[in-house]
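Novice: To convert, note that position 268 of the sequence shown is 253 in my numbering; the numbers rise steadily by one, no gaps.
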Amino acid sequence: MFNFTKKKSTTKEQLDFLAIGDVVIDDFIDLTDVRIDSDPDEGDGGGKEICFRFGDKIEYENSIVLPAVGNSSNAAVSAHRLGLKTASYSNIGDDKHGQDILDTIVAEGMTTDYINIQPGKITNYHYVLRFGPERTILVRHEDYEYALPQLVTPPRYIYFSSIGEKAVDFHREVADYCNAHETKLVFQPGTFQIKLGLEKLGYMYEAADLFFCNKEEAQKILHSNTDTIPELLKEMKAKTGEGIVCITDGAAGAYAYDGSQGWFMPMYPDPAPPVDRTGAGDSFSSTFTTALALGFDLPTALAWGPINSMSVVQKVGAQAGLLTRAELESFLANAPEDYKPKQVI
């Protein structure tokens, strides 16, 4: 068991942004000796599989280990660099990997007040198989106990994303807390949460003031064959009460709808071919949220999001490319003439 070093906050000021979700260590492994095949069960070549020889030794290029990542942790770092008072709530094991995560959070300049060390547990460790800019992630969420931390003052925003399967009841606790306080709930469901769907987590969608997913995720959640994103926005908006719905479509752009107006934003042009797409969605959603938290309107938030995504995919991992506010505003000031939100609803 480690003698952990944590950084306590020196103030009890209200947090702007509390990110809740599992923190992990990502081990990026660059593969070279593989091939990409179409999945015959998907039809029309829609699905792809990464293939290598069974029972053989497979060469790889290199390995890069990045601590303190994961959807919510990435979002916290993004909001912090853009100027919000930010913290993460998550769980770690009492092992070296846990200390590595604490050290990384401290180095970023953030408090570790809300990082919960669970005795006898191990820290989440994921393997990211990279082939070109795309990645396949081997994930395992440790079986932690989840409970909201003691919050002296309710945060302005709670950003809730990917979390372990034992946390089903914890979703209700978070939703109830936000409903009982003047705290806006931002919901960006991870794989497990999408699998639970509206049937089990409908109250989370209803409680969400901001909801983020990509086009394929929206189709899964809604059990919809609709291919037109403005229609998906309307279908999803019907499930999210008063909230703003954002749906991204990769290189094809991003959309946002508040129930009265819907907007489209093209992706910010890449300065070079993408290196790694890990964290592009996290950077978009957290940057969009941060812009609203700073007082900007929906079209402006929609213009901010793709800029951070563009920067993130130029680096390996989800955090190395995250921008400061000054850097982001510089990109915005030098954007192409056609980089403007367009009303579509």
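Idealized CB from N, CA, C, for every residue including glycine.
1) Please determine, among Glu220, Leu16 and Ile5, the residue with the shortest C-alpha to C-alpha distance to Val54.
2) Inspect the beta-carbon positions of Ile86 and Ile148 and report whether they are closer than 8 Å.
3) If you follow the alpha helix (DSSP H) that Ala276 is in, where does it begin and where does it stop?
4) Could you tell me the boundaries of the beta strand (DSSP E) in which Arg115 lies?
5) What ranges does the alpha helix (DSSP H) occupy inside the region 147 to 189, keeping only unbroken runs of at least 4 residues that lie completely in it?
6) Would you check if the region 305 to 313 and the region 62 to 79 touch, i.e. whether three or more CB-CB distances between them fall below 8 Å?
7) What is the DSSP secondary structure of Glu119, reduced to helix, strand or coil?
8) For Met250, which residues of its own chain have a beta-carbon under 7 Å away from its beta-carbon, when the five flanking residues on both sides are left out?
9) Note the first and the last residue of the continuous alpha helix (DSSP H) segment covering Ala203.
10) Classify Ala257 as helix, strand or coil using the three-state DSSP reduction.
11) Less than 7 Å between C-beta atoms, sequence neighbours within five positions excluded: which residues of the same chain meet that for Leu62?
12) What do you get for Phe37, buried or exposed, if any count of 16 or more other CB atoms within 10 angstroms of its CB means buried?
13) Quick check on Asp261: buried or exposed, where buried means 16 or more other Cβ atoms within 10 Å of its Cβ?
14) Measure the C-alpha to C-alpha separation of Gln328 and Leu0 and round it to an integer number of angstroms.
15) Beta-carbon within less than 6 Å of Leu90's beta-carbon, same chain only, minus the 5 sequence neighbours each way: which residues are those?
Specialist: Judging by the given coordinates:
1) Locating residue 54 in the sequence shown gives position 69, where the first residue counts as 1. Comparing Cα-Cα distances from Val54 to each of Glu220, Leu16 and Ile5, the minimum goes to Ile5.
2) What you label residue 86 is simply residue 101 of the sequence shown in a count that begins at 1. What you label residue 148 is simply residue 163 of the sequence shown in a count that begins at 1. Against a cut-off of 8 Å, the Cβ pair of Ile148 and Ile86 comes out as no contact.
3) Stepping through the sequence shown from its first residue, residue 276 is reached at position 291. Unbroken alpha helix (DSSP H) run through Ala276: Ala265 to Ala278.
4) Counting from 1 along the sequence shown, the entry for residue 115 is found at position 130. Tyr110 to Phe116 is the extent of the beta strand (DSSP E) around Arg115.
5) 153 to 165
6) yes
7) Sequence index remark: in the sequence shown, residue 119 carries index 134 (1-based). Note: Glu119 maps to strand in three-state DSSP.
8) Numbered from 1 along the sequence shown, position 265 holds the residue referred to as residue 250. These residues qualify, in order along the chain: Gly238, Ala239, Leu287, Ala288, Pro291 and Pro326.
9) Counting from one through the sequence shown, the residue named residue 203 turns up at place 218. Ala203 -> alpha helix (DSSP H) spans Lys200 to Leu207.
10) Position 272 of the sequence shown holds residue 257. Three-state DSSP puts Ala257 in coil, outside helix and strand.
11) In the sequence shown, residue 62 corresponds to position 77, counting from 1. According to the sequence displayed, residue 62 carries Val and not Leu. Cβ neighbours of Val62 beyond the five flanking positions: Glu93, Gln304 and Leu307.
12) Counting from 1 along the sequence shown, the entry for residue 37 is found at position 52. Phe37 should be labelled exposed.
13) Here residue 261 refers to the residue found at position 276 when the sequence shown is read from its first residue. With 16 or more Cβ atoms within 10 Å of its Cβ, Asp261 is classed as buried.
14) As a working mapping, residue 328 is identified with position 343 in the sequence shown. As a working mapping, residue 0 is identified with position 15 in the sequence shown. Whole-angstrom Cα-Cα distance: 33 Å.
15) Position 105 of the sequence shown, counted from the start, is the residue given in the question as residue 90. Residue identity differs from the one stated: residue 90 is Ile in this sequence, not Leu. Cβ neighbours of Ile90 beyond the five flanking positions: Ala53 and Thr97.
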